[in-house]
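Below you'll find the structure, written out as structure tokens, and then a few comments.
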Amino acid sequence: MHKRLKTIADELGISESLLLAKNLCLYQEATEFEVVYTDNQGRSYLLTPAAAAAWRALSTAAAVDDITLTLVSAFRSIDRQADIIRRKLAAAISIEDILTVLAPPGYSEHHTGRAVDISTPGTAPATLAFEQTAAFTWLNTHAQRFGFYLSFPQDNPYGYQYEPWHWCYHPAPHDLPHYNLS
Ligand SMILES: [Zn+2]
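So this is what it looks like as structure tokens:
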């Protein structure tokens, strides 16, 4: 495993057997970004230039159909992912439970700069309620045309909870930049 990731995994108590059991992919961290959105607290949301262009096209097409897609999460660095897990461990949540809702550092699509968590007005972000919205129905019909795929459907093989809000841009299925582990 990548040395920096091994150090982080050891520190967080994420064993190699736990990683192997989850069938996860190790993704490269993005290095080029564009700001796609700045929220009313001044926080900027970053994606790679290609994913940013695809997101703009997707959200514009949705708006034409009277669907508002709100970005609630975009690029999140490997270090930031480790910080979030550290805070949950400090709150006495077990690493096994944490990893049903968060990817181990290095294995999250969010640090590829291509993944987005999407919400729509009137719905709490990152909740199953998103599945009942017109925005989710619209995404299921149209998102693939813009290269966005639902990463974690129900009963996904990675042991994650169902995430109707998490979509990832990859022009061909599974075409994400992996680390070469050989
Ligand atoms: Zn997500």
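Residue numbers (the working numbering): -2 to 179.
Heads up, the beta-carbon is just placed ideally off N, CA and C, and yes, glycines get one too.
task = Kindly give me the distance between the Cβ atoms of Y104 and C165, rounded to whole angstroms, as I take these residues to be in contact under 8 angstroms.
result = The sequence position of residue 104 within the sequence shown is 107, counting from 1. The sequence position of residue 165 within the sequence shown is 168, counting from 1. Going by Cβ atoms, the distance from Y104 to C165 rounds to 13 angstroms, so no, they are not a contact pair.
inquiry  = Let me make sure I understand the geometry here. Which of H167, A18, S12, T4 has the alpha-carbon closest to that of G110?
reply    = As a position in the sequence shown, residue 110 is number 113, starting the count at 1. If we check each option's Cα against that of G110, H167 comes out closest.
message = Using 8 angstroms as the threshold, is the C-beta distance between E31 and L15 below it?
response = In the sequence shown, residue 31 corresponds to position 34, counting from 1. In the sequence shown, residue 15 corresponds to position 18, counting from 1. For E31 and L15, no; Cβs fall outside 8 angstroms.
query = Is it the case that the Cβ atoms of P101 and A6 are separated by a distance below 8 angstroms?
reply = Start at 1 with the first residue of the sequence shown, and residue 101 comes out as number 104. Start at 1 with the first residue of the sequence shown, and residue 6 comes out as number 9. In contact: P101 and A6 (Cβ atoms closer than 8 angstroms).
query = Thinking C-beta only, is A49 closer than 8 angstroms to V33?
reply = Taking the first residue of the sequence shown as 1, we reach residue 33 at position 36. Taking the first residue of the sequence shown as 1, we reach residue 49 at position 52. A contact, by the Cβ cut-off of 8 angstroms.
query = On the premise that D114 lies in contact with A121, defined as a C-beta separation below 8 angstroms, what is that separation, rounded to the nearest angstrom?
reply = Taking the first residue of the sequence shown as position 1, residue 121 is located at position 124. Taking the first residue of the sequence shown as position 1, residue 114 is located at position 117. Incorrect: roughly 12 angstroms between the Cβ atoms, too far for contact.
inquiry  = Spatial neighbours of A79 within its chain, please: C-beta separation below 7 angstroms, excluding the five flanking residues on both sides.
reply    = Counting from one through the sequence shown, the residue named residue 79 turns up at place 82. So the qualifying residues of the chain are I5, L9, P102.
ask   = If you scan the segment 61 to 117 from start to end, which runs of the beta strand (DSSP E) of 3 or more residues do you find wholly inside it?
value = 67 to 70, 112 to 116
inquiry  = Distance check for V61 and V98, CA to CA, integer angstroms please.
reply    = As a working mapping, residue 98 is identified with position 101 in the sequence shown. As a working mapping, residue 61 is identified with position 64 in the sequence shown. Distance between the alpha carbons of V98 and V61 is about 33 angstroms.
Spatially closest choice to R77 from L55, D36, H107, by CA coordinates = One-based indexing of the sequence shown puts residue 77 at position 80. Closest in C-alpha terms to R77, from the list L55, D36, H107, comes H107.
query = Does ligand 1 have even one heavy atom less than 7 angstroms from the beta-carbon of H108?
reply = Translated into positions along the sequence shown, residue 108 becomes position 111. Because no heavy atom of ligand 1 lies under 7 angstroms away, the Cβ of H108 does not count as near it: no.
ask   = Quick one, are the C-beta atoms of T138 and T65 less than 8 angstroms apart?
value = Locating residue 138 in the sequence shown gives position 141, counting from the first residue. Locating residue 65 in the sequence shown gives position 68, counting from the first residue. No; because the gap between Cβ atoms is not below 8 angstroms, this pair is not in contact.
query = Taking E29 as the reference, which of L96, I75, A47, L147 has the closest Cα?
reply = Stepping through the sequence shown from its first residue, residue 29 is reached at position 32. Looking from the CA of E29, the closest CA among L96, I75, A47, L147 belongs to A47.
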